[in-house]
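Numbering (the numbering used here), first residue to last: 5 to 99.
Quick look at the structure:
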C-alpha cells in the first residue's frame, strides 16, 4: 500500500499485517509510525479512534511525515478542518 503497510485480501476482506518500513527518520531522529498514530488518536475529539496512518514520503530529497486521519461521521457537519489539522499538528510536534 502507499502507506507502507503490508496487507493481504482474503474473502474480500483487507487484513493489515505489518509495515514495510517501521521507522521514520526526520532530521536524524527516529520516530515510530504507531507512536505518531497514538498521538493523533488523542489529539482532537472529532478524530476517529484507530483510523489514522502515519508514514513518510520523500520530498526534495528529504523524508517527511504524512498523517492521514478520519473524523467521526457525526462531526462532519460544521467541522472546522483547520482546527482539527492544527490540533493534530500541535500534538505531534509536542510529542
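Glycine included, C-beta positions come from ideal geometry on N, C-alpha and C.
With 16 other Cβ atoms within 10 Å as the buried cut-off, status of residue i
i          : result
residue 94 : exposed
residue 76 : exposed
Closest by C-alpha distance to residue i, when choosing among the options
i          : options        : result
residue 73 : 20, 59, 98     : 59
residue 25 : 16, 18, 19, 38 : 38
residue 6  : 62, 15, 85, 16 : 62
residue 69 : 40, 23, 14, 21 : 40
residue 87 : 20, 43, 51, 12 : 51
residue 57 : 22, 85, 90, 34 : 22
residue 49 : 20, 35, 90     : 90
residue 20 : 43, 35, 55, 97 : 55
Spatial distance of residue i from residue j (CA atoms)
i          : j          : result
residue 46 : residue 71 : 14 Å
residue 9  : residue 66 : 21 Å
residue 13 : residue 53 : 23 Å
Residue-chain proximity (residue i, chain B), Cβ-Cβ < 7 Å
i          : result
residue 50 : Although the question refers to chain B, the structure presented lacks it and comprises just one protein chain.
Should the region 75-88 be regarded as contacting the region 20-40, the criterion being three or more beta carbon pairs within less than 8 Å? no
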